[in-house]
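Residue numbers (our numbering): 87 to 215.
Below is one structure, written out as structure tokens; the observations come after it.
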Amino acid sequence: MSDPAFDLFAIDAGSPEPPYRQLHDGVLRAISNGRLAPGAKLPTVRGLAAHLGLAANTVASAYRALESTGVIEGRGRAGTFVSLGDDPVDAAARGVALDAVDRLRGLGITGDRAVRLLTDAARGDAVAE
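Quick look at the structure:
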């Protein structure tokens, strides 16, 4: 009997998006639309890779990226789960925001200017300075 979580994920070989990105975004969509709830167990890396016809490293990379932003959490031999507590998508968004702030600081941009740049980017406005 196969893991029903396998049915949540598919890879479109004709998509311009690489399989890693498709899988990463598929997990985020499944969480956002409630198909994966906080605490839900994800398929194993090897099992999902075999199911999707991907290299295990591709699945592992997507899982690592999701884990680094707090969307999912590895629990050793117990498996990989959607994070509990905070909304996992909000946790991922915070991770993206923190990365953006770190990159801006690396460019010497801080304070009000950084806030203005991030706000304009979130609104889709062109930033003119």
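Don't be surprised by glycine CBs; every beta carbon is placed ideally from N, CA and C.
Predicted, not measured: the structure shown is a model, and the values here were computed from it.
With fewer than 16 other CB atoms across the displayed protein chains lying within 10 angstroms of its CB, Pro102 is exposed. Per the DSSP secondary-structure output, Gly160 pairs in a beta bridge with Thr166.
Counting only residues of its own chain and dropping the five nearest sequence neighbours on each side, Ala148 has a CB closer than 6 Å to the CB of Tyr106, Leu109 and His110. Between the C-alpha atoms of Ala186 and Val113 there is a straight-line separation of about 22 Å. Here Thr155 is buried. Its C-beta has 16 or more other C-beta atoms within 10 Å.
At a Cβ-Cβ threshold of 8 Å, Leu140 and Leu122 do not count as neighbours. For the segment 108 to 143, the continuous alpha helix (DSSP H) assignments of 4+ residues that do not extend past its boundaries occur at 131 to 138, in sequence order. The Cβ neighbour count for Thr205, taken over all protein chains shown within 10 Å, is under 16; the residue is labelled exposed.
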